[in-house]
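Worksheet: the structure to be examined is printed underneath.
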Amino acid sequence: MSQKWIRSKQWDGRNIPPALWPVKLFLRAFSSIPLAISLLLCIALYGTLASIPIGLIALAPTYVLYGLSLVAMIGVLALLPACIVTVLLRRAGAGAPSRFLAGFASVVILALGAIWLWAHFLWPAMHYNPVTHSGFRLFGPSVDSTRAITVRRLPALEMSELEFYAWWPLKIILLAFIVNMITATVRRIEFTWHNLGVLTVHTGIITIALGSIYYSSLKEEGDMLLLAGTPDAQGRPTPGQVETGFFDNTRVALWLSTGAQWEMHPLHAVPRYNDYNLVSALGPGGDADDGDDGRTLDLAVVTGKELGAGDHAADAGLRLRIIGYGSYVNLKERWVKSDEQGVPAADSTPLRNVDFLRAEATPGARPPSIAFRPMHPSGRTVEMGGLLGIEYARGTSPARWRDLTENLPPGTQHALVVEIPGIKDDQGQPFRAAYPVQSGTKLQIQGTGYAIEVKELSPEPPFPIITPGYENTRSSIAIVRVTPPAPAPGAAADSAAPFDRWLYYRFPEITQDMLDAVNQHGGGVPRRRPADPAIRITYLDCSISQVYFDEVASITDAAPAADPSVRAIFRPAGGAPRIVESLRTGSTFQIAPQASLRLGERWFSAVQIEVPVSIPESQRDKASIGNHQHAAIAVQITPSDPTAPQWKKVLWLPFAQYLHIAADLARTVDLPDGRRLFLAFGRVRRTLPDLGLQLVDFQMFPYPGSDTPRDYKSDLLVLRADQDQMKQEIHPTSLNEPLLVRVPFRPREGTPRIAGFVGRLVSYVVPVQYKFSQAGWDAEGWRESSAASERGDLAAPRARFTILGVGNNPGIYIIATGAVMMSLGIPWAFYIKPLLVQRQKKRIQAGLAAQNARPRPVGSPEPVGAQA
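Mind the numbering: the sequence shown is residues 1414 to 2281 in the numbering used here, read in order.
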């Protein structure tokens, strides 16, 4: 205990009255060394929690018990017998050396035996086997579920590493440690030259802690994408557009727009690692096994008016909330009831769900469901793996139904149904006949004069269907050559001209005739016309199993709750049709011994929305976890005025890394007031102070003899405001040579001169500076342009963009100063202080020796220290 610490406690007793006992308690507590050690341990534990998975930490008690079992066995089988041997030898009168040798030998031999017994008997029984789940392990389920999860990834925290180290608990611990260090130093250590090293080390530690708090509070990290300019006439690169900001790596934002300008609304407490509210935010039809574990989310979005955008903000009159988050998802389209999405029935479509049932399905599992839209050609058909085609229509015409139920010879794969209204058969009915065909089949329609040749049978049209309303549809097709009979006397000669007819199996209503004559505008395109009504030809594709559902046309949408009767046809590949009448919602229709179809729920009106599908853990890229790269948020939009007519819209927004080049990731909503709102989920954009950058040129340097990058370099035009003028300088930055730009201090207008002087002085101690490092580049564009350059199409290879990592270093000089102080104080404390103490000791001893050597009067007392 130092003399100064004794004096400090005495001072407390004299000057602090009993009523101020909390002050005395504070001084005593923050003057103690154990508190400093405890706070340092807390800091170390905090860092451990940031990087070591919870599962490994939870294993510690188990391994402690493993170790204790070994110690207990050694104690029982080795130490206890050795003690007994020693006691018996002492009672027998053996000497101390004999007892020691006997006890030591007993401990070694018996301990080895105990370890062998433990390893061969106890350890196999205790050791936990993750395959068989045998053995002993504490917190088993928690260890398995958190084996790769750190504390900051828990649902209660959801923090990046930078956020976790900038969190307030660590700052409080550091501040407490700083106060502890200052108080203990002032109250315990003498301010002398001897203690200069210790004082310097303590001051350095305090400086580093203060700098760390300052650093974590103002640290910014992100990246910017710099686009290259359009090459000039000679193919040389030109500067791209100026970028005056970068996107933050940590903070995210909701971006809104009703026109050309985007408004940034920073979001707070958005998750990173876990799914929230995936099920309830999906709307009807949401998957129950999407993996959010019932976690909910409800975050308010800061309004544009609160951000200073006034009444003309993009979200004026709206209330936006984040109600769902998918950490690693893909968005897929799903149909839901329109009234639950606030969409008028006029803007939606009827829908019928058909469930695919399998006998071997897991009991209680949700069967796959197909959503059919009978009023839309692209939504009424589906093909499953080239083995089964399903069509759900409404109000099928009698002629079409008759064609689909036509009896064909067994094994027929393709057939044509031919009707000629102008010719009667033996019963006086219009001529009708069905013919099995294959590619190349030639038919002479007896008694009619018509000849038909099958030119092509294909599961896909040779050209995409472009008929309005049928875009993006699929159908097998038969292209047949039709030769009409010779014209009657007085008829036009071209009425008997042969033509090609394109027969779409799924959509006979868009059948067309292709004439041999070409269009007048040229280009060799055959002239087309609607199918000649003199002969009706229908193509039947029986090469795969086909199912047809037809909703009775007499039931209309005037009665939304009605459950119309549905008839169905099942035609197995090459087989006869089977017809079932009067199916209702919930009815099943067997199509195979182990499979059937069930009519699911029928919606009066439906609308298509995007919903998230969680990606399995095994398929996730670890580099994209925790940074929103594959994330999406659910935004709920409602009126902000409770007295206005109420409505609600929910939509999922995928994450946009760089919003200005990812316009396809934005989503739109048509609001009831006629506005169109654009929304995007991206990152917070931070503006560089009085600083801008342009990409002037880019170069990639490969390893010799390869295309593998060894280094790549961007030449940047740095625009920097300095002394009321803009300076322009070109600086390079590469993988190993980042660019450090210091922003000069510029006082604001109206700032007092003394405040400006202090600010300028602080700017030298704590400068505002940014580091720009090469973080990415346009590798694909460089490869393509390199190939074009080798062919002589380009003067030189070029990149369309470069990506720079951006970061500042606030307080780095403070931390460096503390480190320098520690590096100077430690040698003083360990080397210079002992020399000073030794020198002082010798000086005292020399003084005492000189005093003893002087003659003293007779009878005077002997000097202190003169005797040994």
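Glycine included, C-beta positions come from ideal geometry on N, C-alpha and C.
Pull up the DSSP beta-bridge partners for V1830, would you. Here the question's residue 1830 lines up with position 417 in the sequence shown. Beta-bridge pairing links V1830 to A1847, T1951.
Start-end ranges of the alpha helix (DSSP H) lying completely within the segment 1450 to 1497, minimum 4 residues: 1467 to 1487
So, do the segment 2024 to 2044 and the segment 1616 to 1625 have three or more beta carbon pairs nearer to each other than 8 Å? no
Here's the rule I'm using: 16 or more other beta-carbon atoms within 10 Å means buried, otherwise exposed. How should K1745 be labelled? By one-based count along the sequence shown, residue 1745 stands at place 332. Exposed: under 16 other Cβ atoms inside 10 Å.
Quick one: give me the first and last residue of the beta strand (DSSP E) that E2197 is part of. Locating residue 2197 in the sequence shown gives position 784, where the first residue counts as 1. Element bounds for E2197: not the beta strand (DSSP E) but the alpha helix (DSSP H), 2192 to 2204.
Does the segment 1444 to 1458 come into contact with the segment 1584 to 1591, if we say contact requires no fewer than three beta-carbon pairs (one atom in each stretch) closer than 8 Å? yes
Under 8 Å, Cβ to Cβ, is there at least one residue of chain B near R1747? The structure shown contains no chain B, having only a single protein chain.
With which residues is F1983 paired in a DSSP beta bridge? The residue given as residue 1983 occupies position 570 in the sequence shown. In DSSP, F1983 forms a bridge with V1960, R1991.
Identify, in the order they occur along the chain, each residue of the same chain with its Cβ nearer than 6 Å to the Cβ of G1699, setting aside the five sequence neighbours on each side. The residue given as residue 1699 occupies position 286 in the sequence shown. Caution applies to G1699, whose pLDDT of 46 falls short of 50 and renders its modelled position unreliable; the model cannot decide the point.
Kindly confirm or deny that the segment 1708 to 1721 and the segment 1991 to 2004 touch, where touching means at least three C-beta pairs closer than 8 Å. no
Between L2108 and L2129, is the Cβ-Cβ spacing less than 8 Å? By one-based count along the sequence shown, residue 2108 stands at place 695. By one-based count along the sequence shown, residue 2129 stands at place 716. Yes. Within cutoff.
Close Cβ partners of S1415 (< 6 Å) along its chain, the five nearest in sequence each way excluded: Working through the sequence shown from its first residue, we reach residue 1415 at position 2. The answer, listed in chain order, is R1601.
How long is the line joining the alpha carbons of A1975 and P1787, rounded to whole angstroms? Indexing the sequence shown from 1 puts residue 1975 at position 562. Indexing the sequence shown from 1 puts residue 1787 at position 374. Distance between the alpha carbons of A1975 and P1787: 16 Å.
Cβ neighbours of V2250 in the same chain (closer than 7 Å, five flanking residues each side left out): For the purposes of this step, residue 2250 is identified with residue 837 of the sequence shown, where counting begins at 1. These residues qualify, in order along the chain: H1607.
Buried or exposed (CB count within 10 angstroms, at least 16 for buried), Q1959: If you number the sequence shown from 1, residue 1959 lands on position 546. Its Cβ being crowded by 16 or more others within 10 Å, Q1959 is buried.
Report the option in L2153, T2230, P2145, S2127 whose CA atom is closest to the CA atom of V2178. In the sequence shown, counting from the first residue as 1, residue 2178 sits at position 765. That would be T2230, whose Cα lies nearest to the Cα of V2178.
How do the segment 1576 to 1588 and the segment 1628 to 1638 stand: do at least 3 beta-carbon pairs fall below 8 Å, yes or no? yes
When you compare only the Cα positions, how much space is there between V1683 and V1477? The sequence position of residue 1683 within the sequence shown is 270, counting from 1. The sequence position of residue 1477 within the sequence shown is 64, counting from 1. Their backbone Cα atoms lie some 38 Å apart in a straight line.
Under the three-state DSSP convention, the category K2062 falls into: Indexing the sequence shown from 1 puts residue 2062 at position 649. DSSP places K2062 in strand when its eight states are reduced to three.
In chain order, what residues of the same chain lie with their CB nearer than 7 Å to the CB of S1464, ignoring the 5 residues before and after it? The residue given as residue 1464 occupies position 51 in the sequence shown. The residues are T1563.
Reference D1688, options L1567, V1599, K1868, R1664, closest by Cα: Position 275 of the sequence shown holds residue 1688. Nearest option by C-alpha distance: L1567.
According to DSSP, simplified to helix, strand and coil, what is K1855? By 1-based counting over the sequence shown, the position of residue 1855 is 442. In this structure, K1855 counts as strand in the three-state DSSP scheme.
Cutting at 8 Å between CB atoms, please list the residues of its own chain near P2324, excluding the five before and the five after it. Lying outside 1414 to 2281, the shown extent of the chain, residue 2324 is not represented and no answer is given.
Can you look up A1432 in the DSSP assignment and give me helix, strand or coil? As a position in the sequence shown, residue 1432 is number 19, starting the count at 1. The answer is helix: DSSP assigns A1432 an H, G or I state.
My output table needs one value for I2167: the three-state DSSP class, helix, strand or coil. Stepping through the sequence shown from its first residue, residue 2167 is reached at position 754. Of the three classes helix, strand and coil, the one that applies to I2167 here is helix, per DSSP.
Just curious, the alpha helix (DSSP H) that V2250 is in, first and last residue? Locating residue 2250 in the sequence shown gives position 837, where the first residue counts as 1. It spans 2246 to 2266 - the alpha helix (DSSP H) in which V2250 sits, taken as one unbroken run.
Between R2166 and R2159, what straight-line distance do the alpha-carbon atoms span, to the nearest angstrom? Taking the sequence shown and counting its residues from 1, the one referred to as residue 2166 is at position 753. Taking the sequence shown and counting its residues from 1, the one referred to as residue 2159 is at position 746. Those two C-alpha atoms are separated by around 12 Å.
Kindly give me the distance between the Cβ atoms of I2046 and I1735, rounded to whole angstroms, as I take these residues to be in contact under 8 Å. Indexing the sequence shown from 1 puts residue 2046 at position 633. Indexing the sequence shown from 1 puts residue 1735 at position 322. Indeed, because the Cβ distance is near 5 Å, the residues count as touching under 8 Å.
Considering W1529, what are the terminal residues of the alpha helix (DSSP H) in which it resides? Taking the first residue of the sequence shown as position 1, residue 1529 is located at position 116. Element bounds for W1529: 1509 to 1530.
Which one of R1550, D2120, W1418 has the shortest CA to CA distance from I1470? As a first step, residue 1470 is located in the sequence shown; it is residue number 57 there, counting from the start. Selected option, being the one with the closest Cα: R1550.
Would you call the CB atoms of F2068 and A2212 closer than 8 Å? Residue 2068 sits at position 655 when you count from the first residue of the sequence shown. Residue 2212 sits at position 799 when you count from the first residue of the sequence shown. The answer is no: Cβ separation not under 8 Å.
For A2005, the first and last residue of its enclosing beta strand (DSSP E): For the purposes of this step, residue 2005 is taken as the residue at position 592 of the sequence shown. It spans 2001 to 2005 - the beta strand (DSSP E) in which A2005 sits, taken as one unbroken run.
Can you tell me whether F1912 is buried or exposed? The criterion is at least 16 other CB atoms within 10 Å of its CB, across all chains shown. Locating residue 1912 in the sequence shown gives position 499, counting from the first residue. Answer is buried; the Cβ neighbour count reaches 16.
Any chance the CB of W2060 is under 7 Å from a heavy atom of the ligand GDP? In terms of ligand content, the structure shown is empty, and the ligand GDP therefore cannot be addressed.
Using C-beta distances below 6 Å, list every residue in its chain close to K2246, excluding the 5 sequence neighbours before and after it, in chain order. The residue labelled residue 2246 in the question sits at position 833 within the sequence shown. Same-chain partners within the cutoff: H1607, G1610.
Once the 5 residues before and after S1482 are set aside, which same chain residues still bring their CB inside 8 Å of it? As a position in the sequence shown, residue 1482 is number 69, starting the count at 1. Contacts found: W1531, L1535, M1539.
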